[in-house]
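As given, the protein sequences belong to chains A and B, one line each in that order.
Using this note's numbering, the final residue of the first sequence is 220, and nothing's skipped along the way.
Using this note's numbering, the final residue of the second sequence is 220, and nothing's skipped along the way.
There are 2 protein chains.
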Amino acid sequence: MNESDPRVRRTRKLLIEAFGALLTEKSFHAISVQDVAERATVNRATFYAHFEDKYGLLDSFVGDAFKEALEHRLPSDMAFSVRHLRILIVTVLEYVAQFNGRCASQRATDRDLEPLIQSKLQSVLHAFLLGWLQEVPPAEGAEPIAPETTATVLSWAIFGAGLDWARYSDVDTVEDRARQLLALLIGGTASVLNVSPRAPASATPTREAVGAR
Amino acid sequence: MNESDPRVRRTRKLLIEAFGALLTEKSFHAISVQDVAERATVNRATFYAHFEDKYGLLDSFVGDAFKEALEHRLPSDMAFSVRHLRILIVTVLEYVAQFNGRCASQRATDRDLEPLIQSKLQSVLHAFLLGWLQEVPPAEGAEPIAPETTATVLSWAIFGAGLDWARYSDVDTVEDRARQLLALLIGGTASVLNVSPRAPASATPTREAVGAR
DNA sequence: GGCAGAGTGTGGCTTAGGCGACAGATCGTG
DNA sequence: CACGATCTGTCGCCTAAGCCACACTCTGCC
């Protein structure tokens, strides 16, 4: 299954589009593999050559759309920078909010898909960040931090904030929320927790520092 | 090349749609087979499995669209009747007029395609009429007339009238023109030429009849 | 319980479509 | 004129997609 084969790309696209169209008409659970294949003018057997099952399709559907949204605002040739991180945050907040607003998972009967979808979104965000961070030259002087770690922290933090904002988006604007997030993620929690910044494990933490809880 | 194979239908559709899209951007002569194949996400070699060449595609493009327009207004389960013939006439008049109004053949550089297109439209109309007329039981008493003959007469007459109306559509409305056409085609020219109707070859024509001119 | 109906995965065989390469056309340009 | 560039048809080889059929699993219903 060579992804560069035009037939493969086309069939995948047809299936995903058909699925999207069906989702506007029925709940996820009411959609059968047959339905999707038929709508896509693709053989049912071919469906299984592309996706594990209905859930695999959902996975790709959600993931592709999100990836596309990210790459739309942040083309892959854009290097990492604080400015761009800010754009990323805004994009994620808006996407998550808009996703929770309408779309499939909002149907009462599909409520159980939310965890699936959310974990997918987070993992896509993780992958996106990782690809980005791996281009960044490691800072000198500071202790080395694996890009994987940074990607994990950022993806969970941003995504979580997205979910939260989706629920309470009337409290403040995207821009405002993004500003706060950015400050926290770049500057660390030190100033908020009233401890001195940049305290490595070996250094003496001011006051109770992290252990304060 | 089994026409019922979904792959075949899909590829054909893709090629024709791509061609239509390209026609809104460039002239027919500026469009290459490569362009069409690429836009349709189909291999160039596959193009030739479906169409003779660029002209073959044009042929199908024009023919399919016209056929679709006809079948849209006159589904195949509609039996022949004067009422339906009237609808057919209106449809053809409007289609031809609208076709000459915008669309490909209007580009100055594509003016030479008009005869090709016109003969295609006429032949599609002929085929449509023939399929229709073959369902009609032959009238009793009158001399037998092959449906092919009727289809030929009707298709040329209606199509020609369509072309004419396309040029001078400001003279009268479609409805009016259709009424006149219908009267002529059903009643024959006898009343206009002031001769007695239903004059078979063997009967004595009143006055100079056809030879009058 | 049993049975009919609809959906699901899977496998074997056939066929349309993708790929690369080829020999000609056609055409603008030095 | 020759040249490079671009497009055209065509061919052989390979692979994705279509088709049919089978063995399940559910689910509703008598």
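C-beta: ideal position from N, C-alpha, C; glycine also.
These figures come from a predicted structure and were not determined experimentally.
Any idea if residue i is buried or exposed, counting beta-carbon neighbours within 10 angstroms, 16 or more meaning buried?
i	result
H79 of chain A	exposed
D84 of chain B	exposed
I96 of chain B	buried
I124 of chain A	buried
V131 of chain A	buried
V103 of chain B	buried
Determine the direct distance from the alpha carbon of residue j to that of residue i, and round the result to whole angstroms.
i	j	result
L192 of chain A	S162 of chain A	11 Å
V40 of chain B	K61 of chain A	38 Å
L6 of chain B	K74 of chain B	Outside the displayed span of chain B (8 to 220) sits residue 6 of chain B, for which this structure offers no information.
I165 of chain A	N201 of chain A	22 Å
L140 of chain A	T157 of chain A	8 Å
V15 of chain A	N9 of chain A	7 Å
E24 of chain B	Q105 of chain A	33 Å
Q187 of chain A	E45 of chain A	48 Å
I38 of chain B	T18 of chain B	19 Å
F68 of chain A	R51 of chain A	18 Å
R77 of chain A	V89 of chain A	A small fix is needed here, since residue 77 of chain A is Leu in this sequence, not Arg. So the two alpha carbons sit approximately 16 Å from each other.
R174 of chain A	A185 of chain A	15 Å
A134 of chain A	E155 of chain A	9 Å
L64 of chain A	P145 of chain B	57 Å
A56 of chain A	P82 of chain A	30 Å
A72 of chain A	W172 of chain A	20 Å
E147 of chain A	S198 of chain A	23 Å
E182 of chain B	L128 of chain B	21 Å
L189 of chain B	E32 of chain B	39 Å
D66 of chain B	D177 of chain B	30 Å
E150 of chain A	F58 of chain A	43 Å
P122 of chain A	N107 of chain A	12 Å
T196 of chain B	G70 of chain B	31 Å
A153 of chain B	T180 of chain B	33 Å
G167 of chain A	S126 of chain A	11 Å
Residue i by DSSP, collapsed to three states: which one?
i	result
V69 of chain B	helix
L81 of chain A	coil
R14 of chain B	helix
Y62 of chain B	helix
T180 of chain B	coil
Q129 of chain B	helix
V121 of chain A	Reading off the sequence, residue 121 of chain A comes out as Glu, not Val. Reduced to three states, the DSSP call for E121 of chain A is helix.
T53 of chain A	helix
F166 of chain B	helix
K33 of chain B	coil
V97 of chain A	helix
G195 of chain A	coil
V143 of chain A	coil
F87 of chain A	coil
P154 of chain A	helix
N9 of chain B	coil
V202 of chain A	coil
A111 of chain A	Reliability fails at A111 of chain A, whose pLDDT of 49 lies under 50, so the model's placement of it is uncertain and the value that follows must be treated cautiously. Three-state result, A111 of chain A: helix.
A47 of chain B	coil
P212 of chain A	A caution first: P212 of chain A carries a pLDDT of 42, below 50, which makes its placement in the model unreliable, though a value can still be read off. Three-state result, P212 of chain A: coil.
G27 of chain A	helix
Y175 of chain A	coil
F138 of chain B	Per the sequence shown, residue 138 of chain B should be read as Gly rather than Phe. It is helical.
A76 of chain A	helix
K104 of chain A	The sequence as given places Ala at residue 104 of chain A; Lys does not occur at that position. Three-state result, A104 of chain A: helix.
Which whole-angstrom value is the C-beta distance of residue i and residue j, which I expect to be below 8 Å?
i	j	result
G194 of chain A	V99 of chain A	No, G194 of chain A and V99 of chain A are not in contact; Cβ-Cβ is about 19 Å, not under 8 Å.
L29 of chain B	D12 of chain B	About 25 Å; that fails the 8 Å criterion.
Within a Cβ cutoff of 6 Å, which residues of the same chain sit near residue i, ignoring the five residues on either side of it in sequence?
i	result
A47 of chain A	L21, L22 and A25
L136 of chain A	A158, L161 and S162
G138 of chain B	none
By Cβ distance below 8 Å, which residues in the same chain neighbour residue i in space, the five residues on each side in sequence not counted?
i	result
T53 of chain A	T18 and A44
I94 of chain B	R80 and L81
Could you pull out every residue in the same chain whose Cβ sits closer than 7 Å to the Cβ of residue i, ignoring the five residues on either side in sequence?
i	result
A86 of chain B	E142
G27 of chain A	F68
V49 of chain B	T18, L21 and L22
E101 of chain B	V181
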